[in-house]
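**Student:** Chains as they are written, first to last, in numbering that gives the first Met the number 0: chain A, 0 to 214; chain B, 0 to 214. Heads up, the beta-carbon is just placed ideally off N, CA and C, and yes, glycines get one too. What you are looking at is a predicted structure, and each value in this text was computed from that prediction instead of being measured.
Number of protein chains: 2
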Amino acid sequence: MSAVPEPMDATAAPRTRPVRGAAGERRPVYDAASLLAVSVAEFNARGYDATSMEDLSRAAGITKSSFYHHVRGKEELLRAALARALDGLFGILEESQAQNGPALTRLQHIIGRQVEVLTSELPYVTLLLRVRGNTETERWALARRRAFDASIASLVAEAVADGEVSAEIEPWLAARLLSGTVNSIIEWYRPGRPGADQLPAQVVWMVREGIIPPA
Amino acid sequence: MSAVPEPMDATAAPRTRPVRGAAGERRPVYDAASLLAVSVAEFNARGYDATSMEDLSRAAGITKSSFYHHVRGKEELLRAALARALDGLFGILEESQAQNGPALTRLQHIIGRQVEVLTSELPYVTLLLRVRGNTETERWALARRRAFDASIASLVAEAVADGEVSAEIEPWLAARLLSGTVNSIIEWYRPGRPGADQLPAQVVWMVREGIIPPA
DNA sequence: GTCTATAAGGAGATAGAC
DNA sequence: GTCTATCTCCTTATAGAC
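1. Counting pairs of beta carbons, one from the region 48-56 of chain A and one from the region 42-50 of chain B, are three or more of them closer than 8 Å?
2. Cβ of B/L154 less than 8 Å from any chain A Cβ?
3. Using a Cβ cut-off of 9 Å, pull out every chain B residue sitting near A/L92, in sequence order please.
4. Please work out which residues of its chain come closer than 7 Å, Cβ to Cβ, to B/L198, disregarding the five sequence neighbours upstream and downstream, and give them in chain order.
5. Are there three or more Cβ pairs, one per stretch, closer than 8 Å when the region 100-108 of chain B is compared with the region 151-166 of chain B?
6. When you compare only the Cα positions, how much space is there between A/R112 and B/L128?
7. Is there contact here, the region 174-182 of chain B with the region 148-155 of chain B, by at least three beta-carbon pairs under 8 Å?
8. Using a Cβ-based criterion (distance less than 7 Å to any ligand heavy atom), does B/N43 qualify as near the ligand MG?
9. Compare the C-alpha of B/I210 against each of A/W139, A/I168, A/A84 and A/A32 and name the closest.
10. To the nearest angstrom, report how far apart B/P213 and A/P212 are at their CA atoms.
11. Can you check whether the C-beta of B/L55 is within less than 8 Å of a C-beta belonging to chain A?
12. Between the C-alpha atoms of A/V181 and A/S65, what's the straight-line distance to the nearest angstrom?
13. Taking 8 Å as the CB-CB limit, is A/N99 close to chain B?
14. Helix or strand or just coil, what does DSSP make of A/V130?
15. When the Cα atoms are used, what is the spatial distance from B/P190 to A/G72?
16. Name, going along the chain, the residues of the region 29-56 of chain A whose beta-carbon falls closer than 7 Å to a beta-carbon of chain B.
17. Can you check whether the C-beta of A/I109 is within less than 8 Å of a C-beta belonging to chain B?
18. Please state if the CB of B/R143 and the CB of B/E137 are separated by a distance shorter than 8 Å.
19. Give every residue of the same chain whose Cβ lies closer than 7 Å to the Cβ of A/V206, excluding the five residues on either side of it in the sequence, and list them in chain order.
20. With 16 other CB atoms within 10 Å as the buried threshold, where does B/M7 fall?
21. Taking Cβ-Cβ distances below 8 Å as the criterion, which residues of the region 133-152 of chain A are in contact with chain B?
22. List, in order along the chain, the chain A residues whose C-beta lies closer than 7 Å to that of B/Q201?
23. Note down, in chain order, each residue of its chain lying with its Cβ closer than 7 Å to the Cβ of A/L76, except the 5 sequence neighbours on either side.
24. Evaluate B/E120 with the Cβ neighbour count: other Cβ atoms within 10 Å of its Cβ, from every protein chain shown; 16 or more gives buried, anything less gives exposed.
25. Should B/R175 be flagged as near chain A, meaning a C-beta pair shorter than 8 Å?
26. Between A/A219 and A/L126, is the Cβ-Cβ spacing less than 8 Å?
27. Where does A/Q107 land, buried or exposed, given buried means 16+ other C-beta within 10 angstroms?
28. Determine the direct distance from the alpha carbon of B/R78 to that of B/G90, and round the result to whole angstroms.
29. Report the neighbours of A/T62 on chain B: residues whose CB is nearer than 8 Å to its CB, in chain order.
30. Quick one: residues in its chain with C-beta nearer than 7 Å to the C-beta of A/I185, no 5 flanking neighbours on either side, listed in chain order?
31. Run through chain A and tell me which residues come within less than 9 Å of B/G209, C-beta to C-beta.
32. Give a yes or no on whether the C-beta atoms belonging to B/A140 and B/L81 are separated by under 8 Å.
33. Quick one: is B/S95 near chain A, going by C-beta distance under 8 Å?
34. Against chain A, which members of the region 180-193 of chain B pass a CB distance test of less than 8 Å?
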């Protein structure tokens, strides 16, 4: 895997102070985290490549030059966003290493947590899942994402070997469809949705039982 | 839905004749269908916005100007590709209108056919599923795609109402996860894969029964 | 911190010779 | 049908005044 420079920390303390106009009207807060959030929203709306630095600065309410005062460049914004998404996902794997028990139980837990991360870090994960591999940064993110998927796949294989998961389908296919199902949430989930707290359990149920009613 | 001009027919007879060098070395065949195929492959490799007309012409083995002799512009290529994908998907719905029987049976048939179209028209459907809505053409494709998904969703709702499909999850959620599962095939399926003819049945099995082994 | 102005290069697309 | 040359606009990014 290629080395990638240190990511900007999107959760760090603000680099700059909030600015308010003399009349008290709201102006955007220009710290690293908020500019990243604004940028990622734009990237997701139009696609990374179709979004210009002009678009980003306009969304932030400042000129392009001022925007460059806070941000090194377009690709650094992308890298910071992808790092945040990947940190969320790999955090799940770290948690699960502390657990033992049947593979299926661990798998279900991971799926539920994955849904939680997808929804809580929605813009960042959305960007990650759309990366194509055009730059070194994107290829780094793709490689890390593949490593995550491989972990899930080996857990599925383990559950199949233990007889806890159906062997009707090859394990690698089950794992891919499983990841596809979970990841597809980004296509329609939007924050503030009522009953979002039940979504992880519902997704777990769906991949466990399918759409046919239990006998 | 917005009106969109007539799509170029990617399956029409070649507009131009194959060209061979004097020494007999192979040169690309420059008809509308093959240039579209080459272009769509490039779009999928890098993303539509990140792919330049220079990239396309180089992939076709001619200069950009020569490429423009065969093709009106970048967006027309996109539109032709999206139209082909949508024609494949809506063809499934037309077939299914001729059928009657339980909603679940029709749903399973549609899912299987959808997998077949995804794999047989892989590059075109891949492009369709990544459209963001930046231009009128893209918004037209998105609207048509939404209409397709809505048809599936209403069939799921019908099956739930008939008691054929589990009511444990809300019908709209089941429909979305179902579409997400099927569409995720584009992320990993590659033509020539052995056992590809069994894929539709395996996907249908997975969404029916889930990953838990039948009792 | 923000701005105007601008550099340097790449994009989509066309003109016109052969 | 293919090419070289070019147009025009947009892109990322920087210089330097305030």
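**Tutor:** Reading off the structure:
1. yes
2. Locating residue 154 of chain B in the second sequence gives position 155, where the first residue counts as 1. No, B/L154 does not count as interfacial toward chain A.
3. Stepping through the first sequence from its first residue, residue 92 of chain A is reached at position 93. Correct list: empty, because the minimum Cβ distance to chain B is about 19 Å.
4. Stepping through the second sequence from its first residue, residue 198 of chain B is reached at position 199. Correct list, in chain order: V114 and T118.
5. yes
6. As a working mapping, residue 112 of chain A is identified with position 113 in the first sequence. As a working mapping, residue 128 of chain B is identified with position 129 in the second sequence. Approximately 26 Å, taken between the alpha carbons.
7. yes
8. Absent from the structure shown: the ligand MG. Ligands present: none.
9. Position 211 of the second sequence, counted from the first residue, corresponds to residue 210 of chain B. Taking only the C-alpha atoms, the option nearest B/I210 is A/I168.
10. Translated into positions along the second sequence, residue 213 of chain B becomes position 214. Translated into positions along the first sequence, residue 212 of chain A becomes position 213. Rounded to whole angstroms, B/P213 to A/P212 spans 12 Å at the Cα level.
11. The sequence position of residue 55 of chain B within the second sequence is 56, counting from 1. With 8 Å as the cut-off, B/L55 does not count as an interface residue toward chain A.
12. Here residue 181 of chain A is taken as the residue at index 182 of the first sequence, counted from 1. Here residue 65 of chain A is taken as the residue at index 66 of the first sequence, counted from 1. Taking the straight line from one Cα to the other gives about 39 Å.
13. Taking the first residue of the first sequence as 1, we reach residue 99 of chain A at position 100. Closer than 8 Å: no.
14. Locating residue 130 of chain A in the first sequence gives position 131, where the first residue counts as 1. It is coil, neither helix nor strand.
15. For this step, residue 190 of chain B is matched to residue 191 along the second sequence. For this step, residue 72 of chain A is matched to residue 73 along the first sequence. So the two alpha carbons sit approximately 38 Å from each other.
16. R45, G46, D48 and A49
17. In the first sequence, residue 109 of chain A corresponds to position 110, counting from 1. It does not; no Cβ of chain B falls within 8 Å.
18. As a working note, residue 137 of chain B is residue 138 in the second sequence. As a working note, residue 143 of chain B is residue 144 in the second sequence. No, Cβ-Cβ distance for B/E137 and B/R143 is not below 8 Å.
19. For the purposes of this step, residue 206 of chain A is taken as residue 207 along the first sequence, with counting starting at 1. I110, L177 and T180.
20. Stepping through the second sequence from its first residue, residue 7 of chain B is reached at position 8. Low per-residue confidence applies at B/M7: pLDDT is 46, beneath 50, and the placement is therefore not dependable, though the value from the model is reported in the following sentence. Buried: at least 16 other Cβ atoms inside 10 Å.
21. N133
22. What you label residue 201 of chain B is simply residue 202 of the second sequence in a count that begins at 1. The contacting residues are I168 and L172.
23. Along the first sequence, read from residue 1 onward, the residue named residue 76 of chain A stands at position 77. Around A/L76: L35, S38 and V70.
24. Taking the second sequence and counting its residues from 1, one reaches residue 120 of chain B at position 121. By the 10 Å Cβ count, B/E120 comes out buried.
25. Position 176 of the second sequence, counting from 1, holds the residue named residue 175 of chain B. At least one chain A Cβ lies under 8 Å of B/R175.
26. Outside the shown range of chain A, which is 0 to 214, sits residue 219 of chain A, and nothing can be said about it.
27. Indexing the first sequence from 1 puts residue 107 of chain A at position 108. With 16 or more Cβ atoms within 10 Å of its Cβ, A/Q107 is classed as buried.
28. Your numbering for residue 90 of chain B matches position 91 in the second sequence. Your numbering for residue 78 of chain B matches position 79 in the second sequence. Cα-Cα distance, rounded: 18 Å.
29. Taking the first sequence and counting its residues from 1, one reaches residue 62 of chain A at position 63. In chain order: nothing, as chain B lies at least about 23 Å away.
30. Residue 185 of chain A sits at position 186 when you count from the first residue of the first sequence. Around A/I185: L117, L121, V124, T125 and L128.
31. Walking along the second sequence from the start, residue 209 of chain B turns up at place 210. Correct list: S165, W204, M205, V206, R207, E208, G209, I210 and I211.
32. Taking the first residue of the second sequence as 1, we reach residue 140 of chain B at position 141. Taking the first residue of the second sequence as 1, we reach residue 81 of chain B at position 82. In this structure, B/L81 lies closer than 8 Å to B/A140 by Cβ.
33. Taking the second sequence and counting its residues from 1, the one referred to as residue 95 of chain B is at position 96. By this cut-off, B/S95 is not an interface position.
34. T180, N182, S183, I184, E186 and W187
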